[in-house]
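Notes follow once the structure below has been shown.
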Amino acid sequence: MKFVVAVLVSLILTFGAGLSISNASDQPDFHMDCHAARTNNEQFICADEDLLRRDAQMGEVSDKLYAVLDAPARAEMAREFAEWLATRDDCEDNYFCNAGMYSDRIAYLQQELDHMDAPGFVQKSAPVDSDGFGLVANAGIPGHNKETYPALTIEICKSICVQRPWCKSIDFDRTNGACYVQPVAEEDVGALRTDYPGHPYDHYFYAPRLRN
Numbered sequence: 008m009k010f011v012v013a014v015l016v017s018l019i020l021t022f023g024a025g026l027s028i029s030n031a032s033d034q035p036d037f038h039m040d041c042h043a044a045r046t047n048n049e050q051f052i053c054a055d056e057d058l059l060r061r062d063a064q065m066g067e068v069s070d071k072l073y074a075v076l077d078a079p080a081r082a083e084m085a086r087e088f089a090e091w092l093a094t095r096d097d098c099e100d101n102y103f104c105n106a107g108m109y110s111d112r113i114a115y116l117q118q119e120l121d122h123m124d125a126p127g128f129v130q131k132s133a134p135v136d137s138d139g140f141g142l143v144a145n146a147g148i149p150g151h152n153k154e155t156y157p158a159l160t161i162e163i164c165k166s167i168c169v170q171r172p173w174c175k176s177i178d179f180d181r182t183n184g185a186c187y188v189q190p191v192a193e194e195d196v197g198a199l200r201t202d203y204p205g206h207p208y209d210h211y212f213y214a215p216r217l218r219n
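What follows is the structure in structure tokens.
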């Protein structure tokens, strides 16, 4: 998660039109700049109305997510975006490859944003099961996802947490099996968020790694 300006500048130089920053304190530009398009695939995207629409949608969701992240998470998002741009350019003027890249990225970003998009916090406590995890239903911790995995069972999600020595809790999306692995717990953030639209998340804390 550590990220310095020199590295970010290097990524900008490497990936050109897809990632630009006007100065060191500004956020990455998540929107395609067709005036600066230099790779064949960037030019291909700029010439396709549907791909440009997808790029604009991705940029809009990216901007919203970036705005609610803390500084380390923003640095990580910039790093991920630079890697995504490099992978997208491997599509080599293929519409379906590019369209799929955008669809997957938009879905991922929207899921991350939905996981954070609620204002209310409530303090919670829960008993601990024999596996060391305690459950707080319909709750979560936004903004601290160090790893995210799609379409898992809760058992596998818990196992991932146990295998990560830094993991103190997970948020599990019951609707699609998304597993959010986190280095923090309720004791670190003060309270859990409980008013996510539709209440899709359950929060599991790993008691052996908590201070209290």
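Position one of the sequence shown corresponds to residue 8 (the working numbering), numbered consecutively onward. The beta carbon of each residue, even a glycine, is placed where N, CA and C say it ideally should be. The structure presented is a predicted model; accordingly, all values stated were derived computationally and were not measured.
Starting from residue i, trace the beta strand (DSSP E) in both directions and tell me its first and last residue.
| i | result |
| --- | --- |
| Leu142 | Phe140 to Val143 |
| Ile148 | No beta strand (DSSP E) holds Ile148; DSSP gives it neither H nor E. |
So residue i packs on residue j, CB below 8 angstroms; how close in whole Å?
| i | j | result |
| --- | --- | --- |
| Gly184 | Leu159 | 5 angstroms |
| Met39 | Leu59 | 7 angstroms |
| Ile148 | Arg181 | The pair is not a contact, with the Cβ atoms about 16 angstroms apart (cut-off 8 angstroms). |
| Phe140 | Tyr213 | 6 angstroms |
| Gln34 | Arg81 | 7 angstroms |
| Asn145 | Glu119 | About 19 angstroms separates the two Cβ atoms, so there is no contact after all. |
| Lys175 | Val191 | 6 angstroms |
| Asp178 | His206 | Actually they do not touch by this definition, with Cβ atoms about 12 angstroms apart. |
| Phe51 | Asp111 | Not really, about 18 angstroms apart at Cβ, beyond 8 angstroms. |
| His218 | Glu194 | Reading off the sequence, residue 218 comes out as Arg, not His. Indeed, because the Cβ distance is near 6 angstroms, the residues count as touching under 8 angstroms. |
| Ile5 | Val68 | Nothing about residue 5 can be read from this structure; the chain reaches only from 8 to 219. |
| Arg61 | Tyr109 | 4 angstroms |
| Gly66 | Phe88 | Between Phe88 and Gly66 the Cβ distance is about 10 angstroms, and since that is not below 8 angstroms, they are no contact. |
| Gly2 | Asp202 | The question about residue 2 has no answer here: the residues shown for the chain are numbered 8 through 219. |
Can you tell me whether residue i is helix, strand or coil according to DSSP?
| i | result |
| --- | --- |
| Tyr73 | helix |
| Val188 | strand |
| His38 | coil |
| Arg200 | strand |
| His206 | coil |
| Gln130 | Because Gln130 sits at a pLDDT of 42, beneath the cut-off of 50, its placement in the model cannot be relied upon, and the following sentence gives the value as read from the coordinates. Looking at Gln130 - three-state DSSP - the assignment turns out to be coil, as it is neither helix nor strand. |
Starting from residue i, trace the alpha helix (DSSP H) in both directions and tell me its first and last residue.
| i | result |
| --- | --- |
| Met178 | According to the sequence displayed, residue 178 carries Asp and not Met. Unbroken run through Asp178 is the beta strand (DSSP E), Ser176 to Asp180; no alpha helix (DSSP H). |
| Ser166 | Ile161 to Gln170 |
Original post:
Along the chain, which unbroken stretches of the beta strand (DSSP E) at least 3 residues long are found entirely within the region 53-104?
Top reply: none
Original post:
Is the region 70-84 in contact with the region 99-112, if contact means three or more CB pairs nearer than 8 angstroms?
Top reply: no
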